[in-house]
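Q: The structure follows.
Residue numbers (this note's numbering), protein chains in the order written: chain A, 61 to 182; chain B, 588 to 791.
Below you can see the structure in the form of structure tokens.
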């Protein structure tokens with residue numbers, strides 16, 4: 061049965077979005093992938109689409125990833141959130157956990173994105 | 588981003604992300620050392636001449652510098668710079684508030700070398716991982732001087748480029764500005780550029 065989930069990839073780095081997109085496309089070719097570079101774009105896209113999964117970078121200009129997840133999870137209660145970060149401080153992990161999000165450690169590799177997809181598919 | 592030589596927007600984006608990851612990893616280690624969370628700004632990234640960098644950092648300002656030579660597919664000098672007062676603040680947080688200011692000043696050299704080692708190694712590690720290559724990294728050298736003297740001691744050539752990254756580390760109560768600089772010769776820059784292009788070609 062086709063499983064057309066929609067993922068919104070939020071990262072201020074275009075290269076990072078390209079890398080994440082390439083890996084998800086390979087692993088879940090049937091999924092719809094959307095991209096956004098900041099919090100404002102993310103909110104617009106989330107309003108206009110039925111997003112199942114959010115992949116959100118931590119370190120972005122303006123609102124950071126944790127603030128953005130905090131904002132989105134109240135509105136999109138059925139969605140799952142992954143926070144992508146090279147910042148593996150326990151404090152960051154703890155903050156993400158409190159928001160019900162999983163922390164995925166950068167760099168973006170097949171392994172790290174697979175970990176995120178396992179969480180989404182669980 | 589005015590003085591950027593020959594790099595496309597995508598190449599700059601990629602290079603920024605590589606250093607973002609390096610600094611993020613370093614912040615995790617530093618956070619454990621100072622025993623508190625560290626918040627990082629998004630690194631600001633530019634290419635700059637030595638002359639302009641001296642002006643930007645303040646001609647007479649006293650800076651603490653930790654530098655490490657890196658040698659692999661290309662050679663570069665990597666530097667971590669902190670204004671003197673910010674450097675003492677970090678060392679204080681790292682070693683504990685129970686030490687006197689004299690003791691902190693005495694230990695500044697060693698503590699900063701350790702911090703430099705962590706931050707620079709994390710950035711060089713991220714660079715080598717992303718470009719799938721290896722660099723030999725020399726031991727850290729500590730220096731306390733003006734920007735002009737620090738850069739002069741690195742024997743820059745006139746056509747050398749400086750990849751300059753400004754980051755802000757916020758510890759629980761204090762905001763500390765640090766700077767990363769990578770000094771690259773013209774040939775080294777060309778090799779870095781080729782590596783970036785090759786890596787991006789696999790994505791496009």
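All C-beta atoms in this analysis are idealised placements derived from N, C-alpha and C, irrespective of residue type, glycine included.
Computed from a predicted model, the values in this text were never measured in an experiment.
What does the Cβ neighbour count give for residue 554(B), buried or exposed, with the cut at 16 atoms within 10 Å?
A: Nothing can be reported for residue 554(B), as the shown portion of chain B is limited to 588 through 791.
Q: If you follow the beta strand (DSSP E) that residue 658(B) is in, where does it begin and where does it stop?
A: Against the second chain, residue 658(B) aligns to sequence position 71. Unbroken beta strand (DSSP E) run through residue 658(B): 650-658.
Q: Got a sec? Which residues, its chain only, sit under 7 Å from residue 133(A) by beta carbon, not counting five neighbours each side?
A: Walking along the first chain from the start, residue 133(A) turns up at place 73. Hits under 7 Å: 141, 159, 160.
Q: Using 10 angstroms around the beta-carbon of residue 664(B), count the other beta-carbons present and answer buried if the total reaches 16, otherwise exposed.
A: On the second chain, position 77 is the one that residue 664(B) refers to. Result: buried.
Q: In chain B, which residues lie less than 8 Å from residue 167(A) when you measure between Cβ atoms?
A: Taking the first residue of the first chain as 1, we reach residue 167(A) at position 107. Those are 608, 713, 716, 717, listed as they occur along chain B.
Q: Taking only three categories from DSSP, how would you classify residue 61(A)?
A: Within the first chain, residue 61(A) is the residue found at index 1, counting from 1. Note that residue 61(A) has pLDDT 44, beneath the 50 cutoff, so the model's placement of it is unreliable and the number below is only indicative. If DSSP states are grouped into helix, strand and coil, residue 61(A) belongs with coil.
Q: Tell me the residue span of the beta strand (DSSP E) that contains residue 766(B).
A: What you label residue 766(B) is simply residue 179 of the second chain in a count that begins at 1. 762-771 is the span of the beta strand (DSSP E), which, as asked, contains residue 766(B).
Q: Kindly list, in the order they appear in chain B, the residues whose Cβ is closer than 7 Å to that of residue 121(A).
A: Position 61 of the first chain, counted from the first residue, corresponds to residue 121(A). Under the 7 Å cutoff, chain B gives 629.
Q: Leaving out five residues on either side along the sequence, give the residues of the same chain with a beta carbon under 8 Å from the beta carbon of residue 755(B).
A: Taking the second chain and counting its residues from 1, one reaches residue 755(B) at position 168. Its chain contains 627, 628, 762, 763, 764, 765 as the residues whose beta carbon lies nearer than 8 Å to that of residue 755(B), once the 5 sequence neighbours on both sides are disregarded; these appear in chain order.
Q: What ranges does the beta strand (DSSP E) occupy inside the stretch 591-676 of chain B, keeping only unbroken runs of at least 3 residues that lie completely in it?
A: 631-635, 650-658, 662-670
Q: Would the beta-carbon of residue 790(B) fall within 8 Å of that of residue 82(A)?
A: The residue you call residue 790(B) lines up with position 203 of the second chain. The residue you call residue 82(A) lines up with position 22 of the first chain. Cβ atoms of residue 790(B) and residue 82(A): closer than 8 Å.
Q: Look up residue 170(A) in the DSSP assignment and say whether it is helix, strand or coil.
A: The residue given as residue 170(A) occupies position 110 in the first chain. Reduced to three states, the DSSP call for residue 170(A) is helix.
Q: Where does residue 145(A) sit, in a helix, a strand or coil, going by DSSP?
A: Within the first chain, residue 145(A) is the residue found at index 85, counting from 1. Here residue 145(A) sits in strand by DSSP.
Q: Under 8 Å between C-beta atoms, does residue 727(B) make it to chain A?
A: Mapped onto the second chain, residue 727(B) falls at position 140. Cβ-Cβ to chain A under 8 Å: no for residue 727(B).
Q: Kindly say whether residue 601(B), judged by its beta-carbon, lies nearer than 8 Å to any beta-carbon of chain E.
A: Looking at the structure shown, chain E is missing, and the protein chains on hand are A and B.
Q: Can you list, in chain order, the residues of its chain with a C-beta nearer than 6 Å to that of residue 662(B)? Leave out the 5 residues immediately preceding and following it.
A: The residue labelled residue 662(B) in the question sits at position 75 within the second chain. Around residue 662(B): 775.
Q: On a Cα-Cα basis, can you pick out the residue from 107(A), 167(A), 86(A), 70(A) that is closest to residue 135(A)?
A: As a first step, residue 135(A) is located in the first chain; it is residue number 75 there, counting from the start. Of the candidates 107(A), 167(A), 86(A), 70(A), the one whose C-alpha sits nearest the C-alpha of residue 135(A) is 107(A).
Q: Whose C-beta lies closer than 6 Å to the C-beta of residue 131(A) among residues of the same chain, with five residues either side of it excluded?
A: Locating residue 131(A) in the first chain gives position 71, counting from the first residue. Nothing meets the Cβ criterion.
Q: Going straight from the alpha carbon of residue 94(A) to that of residue 633(B), what length do you get?
A: In the first chain, counting from the first residue as 1, residue 94(A) sits at position 34. In the second chain, counting from the first residue as 1, residue 633(B) sits at position 46. Cα to Cα, residue 94(A) sits roughly 30 Å from residue 633(B).
Q: Does the beta-carbon distance from residue 75(A) to residue 116(A) come in below 8 Å?
A: In the first chain, residue 75(A) corresponds to position 15, counting from 1. In the first chain, residue 116(A) corresponds to position 56, counting from 1. No, the pair does not count as a contact, with Cβ atoms beyond the cut-off.
Q: List the residues that DSSP assigns as beta-bridge partners of residue 67(A).
A: If you number the first chain from 1, residue 67(A) lands on position 7. Partner(s): 93(A), 113(A).
Q: Check each candidate in 617(B), 712(B), 696(B), 697(B) and name the one with the smallest Cα separation from residue 657(B).
A: Within the second chain, residue 657(B) is the residue found at index 70, counting from 1. If we check each option's Cα against that of residue 657(B), 712(B) comes out closest.
Q: Any beta-carbon of chain A closer than 8 Å to the one on residue 611(B)?
A: The residue given as residue 611(B) occupies position 24 in the second chain. Judged by the 8 Å Cβ criterion, residue 611(B) is in contact with chain A.
Q: Roughly how far, in whole angstroms, is the beta-carbon of residue 699(B) from the beta-carbon of residue 620(B), given that I think they are within contact range, below 8 Å?
A: Within the second chain, the letter at position 112 stands for residue 699(B). Within the second chain, the letter at position 33 stands for residue 620(B). That belief does not hold up - the Cβ atoms of residue 699(B) and residue 620(B) are roughly 12 Å apart, past 8 Å.
Q: List the residues of chain B whose Cβ lies closer than 7 Å to the Cβ of residue 78(A), in chain order.
A: Against the first chain, residue 78(A) aligns to sequence position 18. By Cβ distance, chain B contributes 790.
Q: Return the chain-ordered list of same chain residues with a C-beta closer than 6 Å to the C-beta of residue 65(A), the five sequence neighbours on each side being excluded.
A: The residue you call residue 65(A) lines up with position 5 of the first chain. 91, 112.
Q: Report buried or exposed for residue 672(B), applying the criterion of at least 16 other Cβ atoms within 10 angstroms of its Cβ.
A: For this step, residue 672(B) is matched to residue 85 along the second chain. Its Cβ having fewer than 16 others within 10 Å, residue 672(B) is exposed.
Q: For residue 734(B), is the classification buried or exposed, using 16 other Cβ atoms within 10 angstroms of its Cβ as the cut-off for buried?
A: Locating residue 734(B) in the second chain gives position 147, counting from the first residue. With 16 or more other Cβ atoms within 10 Å, it is buried.
Q: In its own chain, which residues sit with a C-beta less than 6 Å from the C-beta of residue 773(B), not counting the 5 before and 5 after it?
A: The residue you call residue 773(B) lines up with position 186 of the second chain. The residues are 746.
Q: Need the endpoints of the alpha helix (DSSP H) that residue 716(B) sits in, please.
A: In the second chain, the residue the question calls residue 716(B) occupies position 129. Its alpha helix (DSSP H) spans residues 688-717.
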